[in-house]
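A.B. asks: Protein chains in written order, with the numbering used here: chain A, 70 to 645; chain B, 70 to 645. Questions regarding the structure given below will be posed in turn.
There are 2 protein chains.
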Amino acid sequence: MAEQIFRVNMSDLSTKIETVPEEWKGLGGRGLTSTVIAAEVNPTCHPLGKHNKLVIAPGLLSGTPAANSGRLSCGAKSPLTGTIKEANAGGTSAQMLARHGVKALIIEGKPTDNGKWYSLHVHSGGVTVQEETEVIGMGNFAVVEVLNKRLGDKVGVITIGPAGEMRMTGANISIKDPDNHIRSNGRGGLGAVLGSKQIKFISVEPTSEKVAIADPEAFKTANRAFAKALVDNPISKALGQYGTNVLVNIINESGGLPTRNFTSGQFAGHEAISGETMHDTIVARGGKPKHNCHAGCVINCSQIYTDLKGQYKTSGFEYESIWALGADCCVDNLDHIAEADSLMDDLGLDSIETAVAFGVAMEAGVLPFGDGAGICRILREEVGKGTPLGRIIGSGAAAVGRAYGVTRVPVVKNQAIPAYDPRAIKGIGITYATSTQGADHTMGYTIATNILGVGGKVDPLSKEGQVELSRNLQIATAAIDSTGMCLFIAFAALDDATCLPSLIDLLNARFGINLTADDVTNLGMSILKTERAFNLAAGFTNKDDRLPEFFAEEPIAPHNVVWDISDEAIDSFWDF
Amino acid sequence: MAEQIFRVNMSDLSTKIETVPEEWKGLGGRGLTSTVIAAEVNPTCHPLGKHNKLVIAPGLLSGTPAANSGRLSCGAKSPLTGTIKEANAGGTSAQMLARHGVKALIIEGKPTDNGKWYSLHVHSGGVTVQEETEVIGMGNFAVVEVLNKRLGDKVGVITIGPAGEMRMTGANISIKDPDNHIRSNGRGGLGAVLGSKQIKFISVEPTSEKVAIADPEAFKTANRAFAKALVDNPISKALGQYGTNVLVNIINESGGLPTRNFTSGQFAGHEAISGETMHDTIVARGGKPKHNCHAGCVINCSQIYTDLKGQYKTSGFEYESIWALGADCCVDNLDHIAEADSLMDDLGLDSIETAVAFGVAMEAGVLPFGDGAGICRILREEVGKGTPLGRIIGSGAAAVGRAYGVTRVPVVKNQAIPAYDPRAIKGIGITYATSTQGADHTMGYTIATNILGVGGKVDPLSKEGQVELSRNLQIATAAIDSTGMCLFIAFAALDDATCLPSLIDLLNARFGINLTADDVTNLGMSILKTERAFNLAAGFTNKDDRLPEFFAEEPIAPHNVVWDISDEAIDSFWDF
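This is the structure:
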């Protein structure tokens, strides 16, 4: 299918199919969502108003047989951070949308009738808007079940749970995965943006169409080399065995595992929640320790976590969610954590933002540290029902801090700081501070080099080299996020000389072009600058590129270090 | 008494008496609080953390016999707006502090023990810190009652209610008035700052000391002329008869009375809540239609509103509070409004911020428009008890908008827009947008000239002349706020040629100096620039000097006008 722009205007419920503008042709995923937002959205608009747009774009290689290319990007002005925002996830929709020729789906405007809900249905002929009543108020698991019945098992589903319907700023956009479970475009409250458009879900018709490949033979060759580089990589292997949760013990050992709302860098209960324990538990209960979130993934970092009776409990059970509910909230019971993770999947809530919000709520005395059952109860009874407490928690960590007058609130640009303490792992602090999207480890994952020794080694406790490290990784990540590739290709790309050239060969074979490594770097830099320009026009300044003051004043055990990178050093990030 | 700086460090509970630095000698009230904050507070600090300071300063003329000179300024970095903030009110403390030689009381640091509460006691020898248990958790009326018993009826009291103890960003600082009722330093959540210092109240010992006056004869002559100008002014007279609530009918007639969360400019129930109805009700019930908030006031805009049984219900029952609970929440029952006003006085909540928050909550469906009894119930049962809903409401209008995903949220810099619609009265929109302290009518009260015809006439519906009008008034206001004078002297100052010269004569006679009118203007400009510089250093930009987008897009009845002043025109405000 030829690539086209699918556009939906919710103000008058009209749809349009547009030719892809010349300047957007070389873009996909984050590169495209950020470019469209920067071009079409007023940076100072209300994120939940009619002037914001939600842009959904498969990556440049999505829909092809390229390994690990099934990530779908969603972009908008974020109601959580006020910045430009892109979040991507696996699931089945990226590849299906690409095969329908969807370069991007742009959703704009806002219905004039506040009471009505709608759905979109994407097919090769275009996109249709329909009023929806049946699944309104349902959790994500029920939505997938109903739509599978209504539209067939193979239908693609992009949906919001009750959190998005209630326009909570912790709401994510959820995508059906190959096993009818949930993948989450997790950060920045993009689910609230879809909710503000009064769209409950987007269904994608199954298709036998294929994405055109300019040089199929060269593509095959490149893909073989690329997949081999991924499979051979030792970190890929560890991710396949233990999932991302392999990191609990590693980060605890490094002293950078934020514990008890960021008051310590090590958690006494780390063994109980570690990837090794999780793996053994899954195996003992007959769950699935290895699982992929989208077809074509060769790493398989996901898993199916089952309860004591062997029933499905959750999947895509990530280190960051387990850390946040575990160490940060002091819950050392993996079943409670899995239950909470599943509830967040069902409600459609960012599990990092929400769990860090619970950590702040615990500091405020709303519930005791360690109360995993209490977390589950609040998610079910309060957040799910939209009570005032539920809305405070569902609005994220900063909202909890404001409501309860807490000063120790781990956020940057109003977004929760994830699973790596910036005092003990300084590179990631630079990423949190300078990211165009608020605190987000995936924007420039310095843990690779600071802790895992991938792509060299930069001492996590030293001030030296952190800005350069974060900058290089943020540039590379912006480019990778545009290809539809999972970020976990970065481990191979940093350490295996065949990986990045194969990725470039894939792009060249797909489009019949001649990109070089420099072109890819330039693409990454250009995306960051586009995003930064949007934020500056929205009123952000370098004063927003700062960590909360407690990081500079409270030393964290066991290294007893504070955040000590100067404002000038942070600001030098943008010298490129 | 010689003027000195009284300083309290709550981190180690130490106190110090300091000589007034040369550059602070010519400053008082807002000029001094803003100068101290700008000099000593890191603009990016957490407003509830140990780096913020609360500065309390009487005006330059406070403590003297000058008419209307009893306003007390409190300043800090605001936890509501993030900007520099000054709020002033009457009551008995300004004059008492001045007579004790307190040029400013600076409270800094933060106790290391989170569980303890303290009080300060100011006397001529200095200030002492004491642990406090008895009045913790009490409402303001009870605090005054207990302290009157403990320290004698004449004691000055500056306190916070439960809202400030809970560090709600809608909390004000409350001051005992001559009748043991409450005056409020209302805006910007300064009560939360005092609460964050774990100080429940500041008591001020009665004193027979006098403020030194350099030329007593000249002072007396000037005061006579000044008081006459105030008393003779027709607006002073109207304020004395009907209180500020005389404005309900006037602003309704102008089409600028924001109604039903700013969806209309006129309120069908305006007669029921008007100043005229209030006056007649007070007279019929044997209340007090005229009352002063501090000794020496010759305008007497306050009143004692009684219930059906003739019992005290509330005082200082202002137009802005009555508008917000009345027109904005569609409550046309003055008794419900008085009950809510009294509850807010007791809880220590900004009645503008909180009532506008109720309007947004009504739009969100939390309670129906018009439900005055519901407002009282929520104040008593939710805000007073610190429930999650109470904390959302007590955090102000923007917090309610964020929690419920409302896009029509009337705030600037996170602070609620008060009682004059900027679409129908454009001058005040410039004040809301450009004020260094978030939306605040008192920062540059263009209603005087736009509606009341004081100081000339500028058509409220025209774009012409509004920036100049707001600029001139904001400069004059910054100067007036430094003298300890009530802002209502401005009506006489604008229209009576004898008023401003007498005020300058008062200052000159007090200090033995030779200020000119230009000096006063220069002081006002300098204060605004100091405040603006603080905000810029805190990360604010001209993007923050904007009204919410709905004002530009939703025409307001009856004039069917939108906010149409360009960004460039707004930004030209600072061209001085």
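The beta-carbon is built from N, C-alpha and C at its ideal position, and this holds for glycine as well.
1) Taking buried to mean at least 16 other C-beta atoms within 10 Å of its own C-beta, is residue 644(A) buried or exposed?
2) In angstroms, rounded to a whole number, what distance separates the CA positions of residue 135(A) and residue 292(A)?
3) Got a sec, what are the start and stop residues for the beta strand (DSSP E) residue 373(A) sits in?
4) Please report the distance separating the alpha-carbon of residue 546(B) from that of residue 515(A).
5) What are the start and end residues of the beta strand (DSSP E) that includes residue 192(B)?
6) Quick check: is the beta carbon of residue 458(B) nearer than 7 angstroms to any beta carbon in chain A?
7) Please say whether residue 233(B) and residue 417(B) have beta carbons closer to each other than 7 angstroms?
8) 7 angstroms is my cut-off, CB to CB: does residue 509(B) come that close to chain A?
9) Can the beta-carbon of residue 656(A) be found less than 7 angstroms from the beta-carbon of residue 170(A)?
10) Starting from the beta carbon of residue 430(B), find every residue of chain A whose beta carbon is closer than 9 angstroms, and list them in chain order.
11) Hey, how far is the Cα of residue 219(A) from the Cα of residue 191(A)?
12) Residue 360(A) bridges to which residues according to DSSP?
13) What residue does the alpha helix (DSSP H) around residue 254(B) start on, and which one ends it?
14) Among 186(B), 497(B) and 618(B), which residue has its Cα nearest to the Cα of residue 532(B)?
15) Nearest chain E C-beta to residue 461(A) closer than 7 angstroms, yes or no?
16) At a CB-CB cut-off below 9 angstroms, which residues of chain B make contact with residue 235(A)?
17) How about residue 117(A): is its C-beta nearer than 7 angstroms to some C-beta of chain B?
18) How would you write the range of the beta strand (DSSP E) that residue 30(B) sits in, first residue to last?
19) Have a look at residue 122(B) and residue 76(B) and give me their C-alpha separation to the nearest angstrom.
20) Check each candidate in 93(A), 131(A), 402(A) and 249(A) and name the one with the smallest Cα separation from residue 216(A).
21) Which residues bound the alpha helix (DSSP H) around residue 168(A)?
22) Can you tell me which of 469(B), 607(B), 391(B) and 326(B) puts its alpha carbon nearest to the alpha carbon of residue 409(B)?
23) In chain order, what are the residue ranges of uninterrupted beta strand (DSSP E) at least 3 long that sit wholly in the segment 518-554 of chain A?
24) What in chain B is Cβ-close to residue 450(A), meaning under 8 angstroms?
25) How big is the Cα-Cα spacing for residue 550(B) and residue 157(B)?
26) Which residue spans inside the segment 253-332 of chain B form an unbroken beta strand (DSSP E) run of at least 3?
27) Compare the C-beta of residue 608(B) with all C-beta atoms of chain A and state if any pair is closer than 7 angstroms.
28) Using a Cβ-Cβ distance under 7 angstroms, would residue 322(A) count as near chain B?
29) Who are the Cβ neighbours of residue 383(B) in its own chain at under 6 angstroms, not counting the five residues just before and after it?
30) Taking any Cβ of chain A, which residues in the segment 226-251 of chain B have a Cβ under 8 angstroms from it, in chain order?
31) Hey, residue 173(A) and residue 124(A): beta-carbon distance below 7 angstroms or not?
32) With a Cβ-Cβ cutoff of 7 angstroms, do residue 536(B) and residue 642(B) count as a contact?
33) Less than 8 angstroms between the CB atoms is what I'm expecting for residue 372(B) and residue 312(B), so what's the real figure, rounded?
34) Just to confirm, is the Cβ distance from residue 646(A) to residue 146(A) under 7 angstroms?
35) According to a CB-to-CB cut-off of less than 9 angstroms, which residues of the segment 607-628 of chain A neighbour chain B?
36) Which whole-angstrom value is the C-beta distance of residue 553(A) and residue 127(A), which I expect to be below 8 angstroms?
C.D. replies: Once the coordinates are examined:
1) Taking a 10 Å sphere around the C-beta of residue 644(A), we find fewer than 16 other C-beta atoms and assign the residue as exposed.
2) The alpha-carbon atoms of residue 135(A) and residue 292(A) are separated by roughly 6 angstroms.
3) In the DSSP annotation of this structure, the continuous segment of the beta strand (DSSP E) that includes residue 373(A) starts and ends at 371-375.
4) The alpha-carbon atoms of residue 546(B) and residue 515(A) are separated by roughly 52 angstroms.
5) That run of the beta strand (DSSP E) goes 187-192.
6) At least one chain A Cβ lies under 7 angstroms of residue 458(B).
7) Contact flag set, yes.
8) Residue 509(B) does not count as touching chain A.
9) No answer is possible for residue 656(A): it lies beyond the span of chain A, which begins at 70 and ends at 645.
10) Those within 9 angstroms of residue 430(B) in chain A number zero; the least Cβ separation is about 10 angstroms.
11) The straight-line gap from Cα to Cα measures roughly 15 angstroms.
12) For residue 360(A), which the question treats as bridged, DSSP gives the partners 370(A) and 371(A).
13) Note, residue 254(B): premise wrong, no alpha helix (DSSP H); beta strand (DSSP E) at 251-254.
14) Selected option, being the one with the closest Cα: 497(B).
15) In summary, chain E is missing from the structure at hand, where the protein chains are A and B.
16) The contacting residues are 473 and 474.
17) Yes, its Cβ sits closer than 7 angstroms to a Cβ of chain B.
18) Since the first residue shown for chain B is 70 and the last is 645, residue 30(B) is missing from the structure and cannot be characterised.
19) Spanning the two alpha carbons is a distance of roughly 10 angstroms.
20) Of the residues 93(A), 131(A), 402(A) and 249(A), the one whose Cα lies closest to the Cα of residue 216(A) is 249(A).
21) Element bounds for residue 168(A): 162-168.
22) Of the candidates 469(B), 607(B), 391(B) and 326(B), the one whose C-alpha sits nearest the C-alpha of residue 409(B) is 391(B).
23) If only uninterrupted beta strand (DSSP E) runs of at least 3 residues are considered, none is enclosed by the segment 518-554 of chain A.
24) For residue 450(A), no chain B residue has a C-beta closer than 8 angstroms to its own C-beta; the minimum C-beta separation is roughly 12 angstroms.
25) Distance between the alpha carbons of residue 550(B) and residue 157(B) is about 8 angstroms.
26) Runs of the beta strand (DSSP E) inside the segment 253-332 of chain B: 268-273.
27) Interface residue, yes.
28) Judged by the 7 angstroms Cβ criterion, residue 322(A) is not in contact with chain B.
29) Around residue 383(B): 374, 407, 410 and 411.
30) Per Cβ criterion, the list reads 235, 236, 237 and 238.
31) Against a cut-off of 7 angstroms, the Cβ pair of residue 124(A) and residue 173(A) comes out as a contact.
32) Yes.
33) Between residue 312(B) and residue 372(B) the Cβ distance is about 5 angstroms, and since that is below 8 angstroms, they are a contact.
34) Given that chain A is displayed from residue 70 to residue 645, the structure contains no residue 646(A) and the question cannot be resolved.
35) Only 607, 608, 609, 610, 611, 612, 613, 615, 617, 618, 619 and 622 from the segment 607-628 of chain A bring a Cβ to less than 9 angstroms from some Cβ of chain B.
36) Distance from residue 553(A) to residue 127(A) at the Cβ level is roughly 6 angstroms; contact confirmed, criterion being Cβ atoms closer than 8 angstroms.
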